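Written below as structure tokens is the structure these notes are about.
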Amino acid sequence: MSTKTDMSRAQRVADLLGEAGADALLVTGSVNLRWLTGFTGSSGLAVIGAGGLRVFLTDFRYLTQSAEQLDEGWDRHIVPDLAGAVPQLIGETVTRVGFDDASVTVKEHARLAELLGDGIELVPAGGLVEGLRAIKDEAELVRLRAAAALADTALQEVLGRGLVGRTEREVGLELEFTMRRMGAEAVSFPPIIAAGAHGALPHAEPRDVAIPAGTLVVIDWGAQLDGYASDCTRTYATGDLDPRAEEIYNIVLQAQEEALAAVRPGPTGQEVDAVARAIIDGAGHAEHFGHGLGHGVGMEVHEGPRLSKLGTVELEPGHVVTVEPGIYVPGAVGVRIEDLVAVTEGGHEVLNGLSKELTVVG
1 MSTKTDMSRA
11 QRVADLLGEA
21 GADALLVTGS
31 VNLRWLTGFT
41 GSSGLAVIGA
51 GGLRVFLTDF
61 RYLTQSAEQL
71 DEGWDRHIVP
81 DLAGAVPQLI
91 GETVTRVGFD
101 DASVTVKEHA
111 RLAELLGDGI
121 ELVPAGGLVE
131 GLRAIKDEAE
141 LVRLRAAAAL
151 ADTALQEVLG
161 RGLVGRTERE
171 VGLELEFTMR
181 RMGAEAVSFP
191 PIIAAGAHGA
201 LPHAEPRDVA
211 IPAGTLVVID
221 WGAQLDGYAS
231 DCTRTYATGD
241 LDPRAEEIYN
251 IVLQAQEEAL
261 AAVRPGPTGQ
271 EVDAVARAII
281 DGAGHAEHFG
291 HGLGHGVGME
301 VHEGPRLSKL
311 GTVELEPGHV
321 VTVEPGIYVP
331 GAVGVRIEDL
341 VAVTEGGHEV
351 LNGLSKELTV
361 VG
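Using UniProt numbering, the final residue of the sequence shown is 362, and nothing's skipped along the way.
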């Protein structure tokens, strides 16, 4: 499905250079480079200037790959030292060069400053590309839907072989292998499989412990497909439950569905988070829901915007976020229910499709 990325993304970056106070921008992070250019190699650097400057640098290992993956609008150069070639290629009119201050190290910054010389100022411009990446276009939504569908199908296959008596680690490894066998290039993150009291750890690591009957099992998983990630959580029963565990499940389900209904253009992440939090707090579990409601998902499984107490960004069409409230009672039980959701002009679209009704898996 991979196709060349057209030059419109480069123009969108160039249009923001003035706001960043820069004449040109260095793009060095592998995820930002892939979004911008389509290049999937491990060594690359792009330079974008307001005056039509579109330079891409890589080394000899990627001579053929870069030619196949990049649009012809890029001025492509094969060089032994990527940063070292920048001063000769940016042109004489560039005096302020933006860089990603969130990822460039102090050592790399010092070398760039030395290479560019006294006549060129390095300007912090971290987050510029990430801000554009947060709004997905239709081609990106197609890939996100496909990643979510693959992950759904993989889990259904694994659950068909049951949970009781198998170890958490065994189930996690099988789920990862199944996603890869179905075509995933990677997992979004190592699957979380957590039974009983272990589910009270939001980021529990699968153990070599057999899953018992009569408990809840939290399964959090995702597939990386064609450059895009999915993220979903379901909590299953393995038989008859303690009534308190079933009650907690129903509280989380109500919080998840009401917060989901609030996802649309306009509200901030903080406002959507508050919908779920009010239900969980009102049920007496305020101290058992300590993480944010959700996060953005795209080429990375954690990106902007945030649905949390600190989420000040207003949701817009094209944002893709998780809605994942949970209740975690230490030493007793954990429940999390999560959907991957795209914000649309008229509301939202849920990208994954597995039922959220409490389901028994033997």
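Quick reminder that beta carbons are idealized off the backbone N, C-alpha and C, glycines included. The model shown is predicted, which means the values in this text are computed figures rather than measured ones.
Start and end residues, alpha helix (DSSP H) containing residue i
{"i": "H109", "result": "106–116"}
{"i": "T64", "result": "63–69"}
{"i": "D273", "result": "269–282"}
{"i": "G84", "result": "82–89"}
{"i": "A148", "result": "138–159"}
{"i": "A261", "result": "243–261"}
{"i": "R133", "result": "128–133"}
{"i": "V13", "result": "8–15"}
Beta-carbon proximity of residue i to residue j, cut-off 7 Å
{"i": "E338", "j": "T322", "result": "yes"}
{"i": "T344", "j": "P325", "result": "no"}
{"i": "T28", "j": "L45", "result": "yes"}
{"i": "V335", "j": "T235", "result": "yes"}
{"i": "A332", "j": "A237", "result": "no"}
Environment of residue i [buried if 16+ CB atoms lie within 10 Å]
{"i": "S230", "result": "buried"}
{"i": "D220", "result": "buried"}
{"i": "R61", "result": "exposed"}
{"i": "R181", "result": "exposed"}
{"i": "P243", "result": "exposed"}
{"i": "R161", "result": "exposed"}
{"i": "A261", "result": "exposed"}
{"i": "D273", "result": "buried"}
{"i": "D100", "result": "buried"}
{"i": "A286", "result": "exposed"}
Other residues of its chain near residue i: CB distance less than 8 Å, five sequence neighbours each side excluded
{"i": "T167", "result": "P206, R207, D208, V209, A210, I211"}
{"i": "E157", "result": "T178"}
{"i": "T268", "result": "G311, T312, V313, E314, L315"}
{"i": "G362", "result": "G162, L163, V164, A213, T238, G239"}
Close-in-space but distant-in-sequence residues of the same chain around residue i (CB under 7 Å, 5 per side omitted)
{"i": "A22", "result": "R96, V97, G98, V123, A125"}
DSSP bridge partner residues for residue i (one or two, in chain order)
{"i": "Y328", "result": "G334"}
{"i": "L57", "result": "L45, H77"}
{"i": "residue 445", "result": "Residue 445 lies beyond the range of the chain shown here (1 to 362); nothing can be said about it."}
Neighbourhood of residue i by C-beta distance below 6 Å, restricted to the same chain and skipping five residues each side
{"i": "L347", "result": "The residue asked about is misnamed: residue 347 is Gly in this sequence, not Leu. Answer for G347: R264, listed in chain order."}
{"i": "G239", "result": "A213, G214"}
{"i": "L128", "result": "L16, A20"}
Span of the beta strand (DSSP E) around residue i
{"i": "R234", "result": "232–237"}
{"i": "V123", "result": "121–124"}
{"i": "R306", "result": "303–307"}
{"i": "V164", "result": "Premise fails: V164 is in no beta strand (DSSP E) and is neither H nor E."}
{"i": "L225", "result": "223–225"}
{"i": "V341", "result": "339–344"}
is_contact[residue i, chain B] using C-beta, thresh 7 Å
{"i": "L82", "result": "The question asks about chain B, but that chain is absent: this structure has only one protein chain."}
beta-carbon residue i near the ligand FMN non-hydrogen atom, thresh 6 Å
{"i": "L315", "result": "With respect to the ligand FMN, the structure offers nothing, as it holds no ligand at all."}
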